[in-house]
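In the UniProt record's numbering, the protein residues as written are 1 to 123.
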């Protein structure tokens, strides 16, 4: 599977990477959302011109961001489904382990003395 991540979603990128390649990072990514460029003021005309010149790049980025979110949601749903199946199996196993004990207790019960005397009197 081709893998890519987005720096603005570092934690989600780490999550996807770990699940995609079945690897575990030693520690979680640190999310830093501040850059030197964020402190620069640019007028609206310049922003519009940059967007105009980078239209295809922005389309590609929007597509990548959408695909990334879909993959993340899919992995999360898959993980939750696997967890539900695991829990269901554990409950089923737990119930099946309890059932034989209950059956043996029921099989080992003897009629009470009062019940036995009623049967004998009827005969």
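Positions of the beta carbon are idealized from the N, C-alpha and C atoms, including for glycine.
Checklist entry - Just checking my contact of residue 6 with residue 71 at CB under 8 angstroms: how many whole Å lie between their CB atoms? => result Counting from 1 along the chain shown, the entry for residue 6 is found at position 6. Counting from 1 along the chain shown, the entry for residue 71 is found at position 71. So it is not a contact: roughly 11 angstroms between Cβ atoms.
Item to check | Cβ-Cβ separation, residue 75 to residue 19 (assumed contact under 8 angstroms), whole Å | outcome: As a working mapping, residue 19 is identified with position 19 in the chain shown. As a working mapping, residue 75 is identified with position 75 in the chain shown. Residue 19 to residue 75, Cβ: 5 angstroms. Contact.
Next on the checklist: Is residue 4 close to the ligand GDP? I mean its beta-carbon at under 7 angstroms from any heavy atom of the ligand.
Outcome noted: The ligand content of the structure shown is nil, which means the ligand GDP is not present either.
Checklist entry - Mind checking residue 12: buried by the 16 CB within 10 Å criterion, or exposed? => result Residue mapping note: residue 12 aligns to position 12 of the chain shown, counting from 1. Buried, because 16 or more other Cβ atoms sit within 10 Å of the Cβ of residue 12.
Next on the checklist: Quick check: what's the CA-CA separation for residue 24 versus residue 79?
Outcome noted: Numbered from its first residue, the chain shown carries residue 24 at position 24. Numbered from its first residue, the chain shown carries residue 79 at position 79. Approximately 15 angstroms, taken between the alpha carbons.
Next on the checklist: By the DSSP assignment, the alpha helix (DSSP H) with residue 21 in it spans what residues?
Outcome noted: Taking the chain shown and counting its residues from 1, one reaches residue 21 at position 21. Here the alpha helix (DSSP H) through residue 21 covers 10-21.
Checklist entry - For residue 94, which residues of its own chain have a beta-carbon under 7 angstroms away from its beta-carbon, when the five flanking residues on both sides are left out? => result Taking the first residue of the chain shown as position 1, residue 94 is located at position 94. Counting only Cβ-Cβ distances below 7 angstroms, and skipping sequence neighbours, we find nothing.
Item to check | Reference residue 140, options 10, 21, 44, closest by Cα | outcome: In this structure the chain extends from 1 to 123, so residue 140 is not present and cannot be described.
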